[in-house]
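Numbering (the numbering used here), first residue to last: 4 to 499.
Structure representation (structure tokens):
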């Protein structure tokens, strides 16, 4: 045997749906030419690309973050409301080009309603003010006889949007941000924004900027911890080396664990972690190309190895489910996107398929699991705030998660074989569970870890499914090299 997995029916945590969230920003072709293209025959009467909508609905996006990202540091929300022909065109001096403001608050809310997602608004702390934040909240959430509520109703939306999640700032610790500040300066501004916004609408949840820096994070937590609900962390990784890329998921887990330890140290147990930007990002310096006479900016050609990194992140989020209760892939379409578009069609990258497998074929109740397999040491790199090298030890070749889907009365076992070229025979012990002999397997794999999906070959890397018959509650599974597999085992009786 090359590995051993045992699953117990004991419930060890609840996985929040919000960890399968996404992020869209006014960056490159993420929004214009991505989710929204009013001139495309592929779009509906609202300008929403129908093929993108269908793909996003399939993975049941639970929460969508907008409008940035860096873009929000110079964004003024009133530019994006009202009749389209009256909205100003602005310079997008954050990412370059022009901003038409065709896609604004009301369009974003409508998009979230269409895909069934919670709305997550990010508030800029650069060129905007506290008054702007409060008026935005009034516009979206209130039903009072006041100016901005009347404005929303004037534009055809009589019912409040009830936006629950509000991020105060974005990466303000970085000198690349408009509104860059010290931890002390940010903490005081955060405290004020949270205090007055919750005074207007006590039901909202406030997300603070975390920096993946213990000194910054401690300052924010100490000064504003009582008035916030989440603290964020951003993680971008990736390498041309297969093992470096896969191993980076365990660095992400280490950083999440460190942030959780700071929260617990300060006894701020009400605060949860939002991994509200994460992905693979190879281009440390942005590159621009022109395809179909459109600017293509930061459009990463994600491969199978990047999907296996994403699987490792989800294994980590399942383990950390008590503390990490939101995550947002950056981004959803084109720019760093898991979905690619051209004028004729879309491509679903391998990372998209990982979302499909975890969202649709795993449960939300975490079960006890033991995994025994060989491990390795690797030096990997983070591309956040430059290029940070770090040493990882004891990274597993076999990792996984066991969950229970109560609605379907199903045990879901997700396993990743991270060996580059070695198939694994894994002994699986489900003797604690009353499973039937019928099972389903969903497998994401390809002949080479560098395989990608593109417009010429959109299905080179895809999910393959098959039916299985389980001879006993202790049995062997063959897990191919460099693959992600999810097994569904129906139960004869549910788990109480």
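Even glycine gets a Cβ: it sits at the ideal position worked out from N, Cα and C.
| Check | Outcome |
| --- | --- |
| Of the residues 309, 215, 231, which one's Cα is nearest the Cα of residue 273? | 231 |
| Around the C-beta of residue 328, are 16 or more other C-beta atoms found within 10 angstroms, so that it is buried, or is it exposed? | buried |
| So if DSSP puts residue 468 in a beta bridge, which residue, or which two residues, is it bridged to? | 445 |
| If you drop the 5 nearest sequence neighbours on each side, which residues of the same chain put their C-beta closer than 6 Å to that of residue 118? | 59, 60, 64 |
| Just to confirm, are residue 337 and residue 32 a CB contact at a threshold of 8 Å? | yes |
| To the nearest angstrom, how far is the alpha carbon of residue 482 from that of residue 416? | 12 Å |
| For residue 320 and residue 22, what's the separation of their Cα atoms in angstroms? | 7 Å |
| Any contact of the stretch 7 to 18 with the stretch 41 to 57, i.e. 3+ C-beta pairs under 8 Å? | no |
| Does the Cβ of residue 308 have 16 or more other Cβ atoms within 10 Å, making it buried, or fewer, making it exposed? | buried |
| Tell me where the beta strand (DSSP E) around residue 375 begins and ends. | 368 to 376 |
| Check whether the Cβ atoms of residue 211 and residue 171 sit closer than 8 Å, and answer yes or no. | yes |
| With residue 3 and residue 248 assumed to form a contact (beta carbons below 8 Å), what rounded beta-carbon distance in angstroms separates them? | This structure leaves residue 3 out entirely; the chain is present only between 4 and 499. |
| Leaving out five residues before and five after residue 379 in sequence, what residues of the same chain have Cβ atoms less than 6 Å from its Cβ? | 398 |
| Helix, strand or coil, according to DSSP, for residue 183 in the structure here? | coil |
| Quick one: is residue 353 buried, meaning 16 or more other Cβ sit within 10 Å of its Cβ, or exposed? | buried |
| Using 8 Å as the Cβ pair cut-off and three pairs as the minimum, do the stretch 149 to 162 and the stretch 218 to 225 touch? | no |
| Just mark residue 143 as buried or exposed, buried being the case when its beta carbon has 16 or more other beta carbons within 10 Å. | buried |
| Return the Cβ separation of residue 121 and residue 66 in integer angstroms, given the expectation that the two are a contact with Cβ distance under 8 Å. | 4 Å |
| Let me know if residue 470 comes out buried or exposed under the rule of 16 or more other beta-carbons within 10 Å of its beta-carbon. | exposed |
| Which one of 315, 198, 196, 228 has the shortest CA to CA distance from residue 255? | 315 |
| Leaving out five residues on either side along the sequence, give the residues of the same chain with a beta carbon under 6 Å from the beta carbon of residue 78. | 70, 127 |
| Ordered along the chain, which non-local residues of its own chain (more than five positions away) have a Cβ less than 7 Å from that of residue 381? | 246, 247, 250, 395, 398 |
| Give every residue of the same chain whose Cβ lies closer than 6 Å to the Cβ of residue 106, excluding the five residues on either side of it in the sequence, and list them in chain order. | 34, 39 |
| Hey, residue 26 and residue 277 are a contact pair by Cβ (cut 8 Å); roughly how many whole angstroms apart? | Not quite, the Cβ-Cβ distance comes to about 11 Å (not below 8 Å), so this is no contact. |
| Which runs of the alpha helix (DSSP H) spanning at least 4 residues fall entirely within the stretch 49 to 134, listed in chain order? | 53 to 61, 108 to 118 |
| In this structure, how does DSSP classify residue 480 when only helix, strand and coil are distinguished? | strand |
| If contacts are defined as beta-carbon pairs under 8 Å, then residue 280 and residue 331 qualify, I think. What distance do you get, rounded to the angstrom? | 6 Å |
| Does DSSP classify residue 453 as helix, strand or coil? | coil |
| Between the Cα of residue 474 and the Cα atoms of 442, 495, 403, 490, which residue gives the shortest distance? | 442 |
| Counting C-beta neighbours from all protein chains within 10 Å, is the total for residue 91 16 or more, i.e. buried, or is it exposed? | exposed |
| Ignore the nearest five residues each way along the sequence and tell me which others in residue 109's own chain have a CB closer than 7 Å to its CB. | 84, 158, 160 |
| Can you give, in chain order, each stretch of the beta strand (DSSP E) that sits fully within the stretch 205 to 242 and has at least 3 residues? | 208 to 211, 233 to 240 |
| Give the DSSP-derived three-state secondary structure of residue 166 in the structure shown. | coil |
| Leaving out five residues before and five after residue 190 in sequence, what residues of the same chain have Cβ atoms less than 7 Å from its Cβ? | 222, 223, 226, 227 |
| My parser needs the beta strand (DSSP E) runs of 3 or more residues fully inside the stretch 275 to 348; what are they? | 275 to 283, 291 to 294, 297 to 300, 327 to 333, 342 to 344 |
| Would the beta-carbon of residue 262 fall within 8 Å of that of residue 234? | yes |
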